[in-house]
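Colleague: Numbering-wise, our numbering comes out as the position in the sequence shown, counting from 1, plus 3.
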Amino acid sequence: LIIAIICGASLAVCFKLFRKFGIDSMQGAFINYITAIAVSLLMSGSGAESLAESLKSSLNASWTWLAVIEGLLFMGGILVLAASTQRSGVALTNVSARASMVMPIVASYLVYRDSSPNWFAIAMIVIAMYLIFGNPGQKTQKRNFKDSLLPLSVFFVYGICDFLLKVLKKEIGVSGNQGNVMLFIFSAAALFCMAAYLIRGNFKEHPFSWKAIPGGIILGLFNSGCTSFMLKALGEMDSALFFSLYNVGIVFSSL
Numbered sequence: 004l005i006i007a008i009i010c011g012a013s014l015a016v017c018f019k020l021f022r023k024f025g026i027d028s029m030q031g032a033f034i035n036y037i038t039a040i041a042v043s044l045l046m047s048g049s050g051a052e053s054l055a056e057s058l059k060s061s062l063n064a065s066w067t068w069l070a071v072i073e074g075l076l077f078m079g080g081i082l083v084l085a086a087s088t089q090r091s092g093v094a095l096t097n098v099s100a101r102a103s104m105v106m107p108i109v110a111s112y113l114v115y116r117d118s119s120p121n122w123f124a125i126a127m128i129v130i131a132m133y134l135i136f137g138n139p140g141q142k143t144q145k146r147n148f149k150d151s152l153l154p155l156s157v158f159f160v161y162g163i164c165d166f167l168l169k170v171l172k173k174e175i176g177v178s179g180n181q182g183n184v185m186l187f188i189f190s191a192a193a194l195f196c197m198a199a200y201l202i203r204g205n206f207k208e209h210p211f212s213w214k215a216i217p218g219g220i221i222l223g224l225f226n227s228g229c230t231s232f233m234l235k236a237l238g239e240m241d242s243a244l245f246f247s248l249y250n251v252g253i254v255f256s257s258l
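This is how it looks when you write it as structure tokens:
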């Protein structure tokens, strides 16, 4: 749990540094997933299993389609996290990402009958989100729609991502090959990220920067570490307890 918190809190900081050093977020995200694939490959077995064999063995697994969806959400999540951090700041982005714990806690209770969540705390989070994004009492002030939409996107994408990690952990079981699951997720995310990069185009305006390599590698180590230890912790802890401690821990570590 502690390692997952450290790695999770480091993601938004990495994207803040991306902006400071002029690193293209999409390029850094792609290098990040290549790094995460390498880490997952090391975790998937003895090391003799090739990338192609690992992916092939995962195609017939019960969790394959969930991992593909999670990969798409990972790619989308990391891009909206980068955009929100750079446009709305680390503090607001972290609040949105951490408030998203409402979604996996409630969904886990409804689907898996995990321990009943603290409904009062959840109501307070919903009210806080309204106060942050609804901006009551200032309706006459012109708002920047994109600056509000990005943190809200972080809220929904991260909430769905966290719940799908819970579902994946249930599918593979406590003793399942977690490395193969991570490998499939990050491979799907890398493909989606490459497709998004090609669709964006404007290669003259966004030429490849060598600075994206070290930045992406550092991001990838934190990203794979966060995912790995979240999956491990979800296999040992109740969802409501884990997501509450995890998100509160990231908020405190970001102060």
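Glycine residues also receive a C-beta, built at the ideal position from the N, C-alpha and C atoms.
(1) With H, G and I counted as helix, E and B as strand and the rest as coil, what does DSSP make of A41?
(2) With distances taken Cα to Cα, identify the nearest neighbour of G182 among G80, A102, I221, L234.
(3) Evaluate R101 with the Cβ neighbour count: other Cβ atoms within 10 Å of its Cβ, from every protein chain shown; 16 or more gives buried, anything less gives exposed.
(4) Tell me whether D165 sits in a helix, a strand or coil according to DSSP, three-state version.
(5) Let me know the secondary structure DSSP gives M104 once reduced to three states.
(6) Could you tell me whether the Cβ atoms of G238 and N35 are closer together than 8 Å?
(7) Just the Cα atoms here: how many angstroms apart are G25 and R203?
(8) Is DSSP giving F330 helix, strand or coil here?
(9) Enumerate in chain order the residues of its own chain whose CB-to-CB distance from G228 is below 6 Å, with the five nearest sequence positions on each side excluded.
(10) For K214 and A126, what's the separation of their Cα atoms in angstroms?
(11) Beta-carbon within less than 8 Å of V251's beta-carbon, same chain only, minus the 5 sequence neighbours each way: which residues are those?
(12) Using DSSP with H/G/I as helix, E/B as strand and the rest coil, what is R116?
(13) With C-beta atoms as the reference, is V157 less than 8 Å away from S247?
(14) L153 and A86 - do their beta-carbons sit closer together than 8 Å?
(15) Can you tell me where the alpha helix (DSSP H) with W66 in it begins and where it stops?
(16) Looking at the secondary structure, which residues open and close the alpha helix (DSSP H) in which M197 lies?
(17) Starting from the Cα of R90, find the closest Cα among K23, K173, I216 and give me that residue.
(18) Using CA atoms only, rank isn't needed, just tell me which of I188, D27, H209 is closest to A41.
(19) Look up P210 in the DSSP assignment and say whether it is helix, strand or coil.
(20) Keeping to the same chain, check which residues put their C-beta closer than 6 Å to that of E73; ignore five residues upstream and five downstream.
(21) Can you give the Cα-Cα distance for S13 and F225, rounded to whole angstroms?
(22) Can you say whether W68 is buried or exposed, counting buried as having 16 or more other CB atoms within 10 angstroms of its CB?
(23) Select from L84, C196, A193, A39 the residue whose C-alpha is nearest the C-alpha of N221.
Modeller: With the structure as the only source:
(1) Position 38 of the sequence shown, counted from the first residue, corresponds to residue 41. Three-state result, A41: helix.
(2) Taking the first residue of the sequence shown as position 1, residue 182 is located at position 179. Per the Cα distances, L234.
(3) On the sequence shown, residue 101 is found 98 positions in, with the first residue counted as 1. Around the beta carbon of R101, 16 or more other beta carbons sit within 10 angstroms, so the residue counts as buried.
(4) Within the sequence shown, residue 165 is the residue found at index 162, counting from 1. Helix.
(5) Along the sequence shown, read from residue 1 onward, the residue named residue 104 stands at position 101. M104 falls in the coil class under three-state DSSP.
(6) Within the sequence shown, numbered from 1, the residue matching residue 238 stands at position 235. Within the sequence shown, numbered from 1, the residue matching residue 35 stands at position 32. In this structure, N35 does not lie closer than 8 Å to G238 by Cβ.
(7) Start at 1 with the first residue of the sequence shown, and residue 25 comes out as number 22. Start at 1 with the first residue of the sequence shown, and residue 203 comes out as number 200. In this model, G25 and R203 are separated by some 18 Å (Cα to Cα).
(8) Residue 330 cannot be examined here, being either before or after the span of the chain that is shown, 4 to 258.
(9) In the sequence shown, the residue the question calls residue 228 occupies position 225. Counting only Cβ-Cβ distances below 6 Å, and skipping sequence neighbours, we find C10.
(10) Taking the first residue of the sequence shown as position 1, residue 214 is located at position 211. Taking the first residue of the sequence shown as position 1, residue 126 is located at position 123. So the two alpha carbons sit approximately 43 Å from each other.
(11) Position 248 of the sequence shown, counted from the start, is the residue given in the question as residue 251. Within the same chain, V251 has close Cβ partners R101.
(12) As a position in the sequence shown, residue 116 is number 113, starting the count at 1. DSSP places R116 in coil when its eight states are reduced to three.
(13) To locate residue 157, count along the sequence shown from 1; it is residue 154. To locate residue 247, count along the sequence shown from 1; it is residue 244. The answer is no: Cβ separation not under 8 Å.
(14) Sequence index remark: in the sequence shown, residue 86 carries index 83 (1-based). Sequence index remark: in the sequence shown, residue 153 carries index 150 (1-based). Taking the C-beta atoms as reference points, L153 is found nearer than 8 Å to A86.
(15) As a first step, residue 66 is located in the sequence shown; it is residue number 63 there, counting from the start. No alpha helix (DSSP H) holds W66; DSSP gives it neither H nor E.
(16) Counting from one through the sequence shown, the residue named residue 197 turns up at place 194. Here the alpha helix (DSSP H) through M197 covers 181 to 203.
(17) The residue labelled residue 90 in the question sits at position 87 within the sequence shown. When only C-alpha atoms are compared, the closest one is K23.
(18) The sequence position of residue 41 within the sequence shown is 38, counting from 1. Taking only the C-alpha atoms, the option nearest A41 is I188.
(19) Here residue 210 refers to the residue found at position 207 of the sequence shown. Coil at P210, not helix or strand.
(20) Counting from 1 along the sequence shown, the entry for residue 73 is found at position 70. Once the five neighbours on either side are set aside, the close Cβ partners of E73 are L167, I188.
(21) Your numbering for residue 13 matches position 10 in the sequence shown. Your numbering for residue 225 matches position 222 in the sequence shown. S13 and F225 have their alpha carbons spaced roughly 7 Å apart.
(22) Locating residue 68 in the sequence shown gives position 65, where the first residue counts as 1. Burial call: exposed.
(23) Stepping through the sequence shown from its first residue, residue 221 is reached at position 218. Contrary to the premise, residue 221 reads as Ile rather than Asn in this sequence. Out of L84, C196, A193, A39, A39 has the C-alpha closest to the C-alpha of I221.
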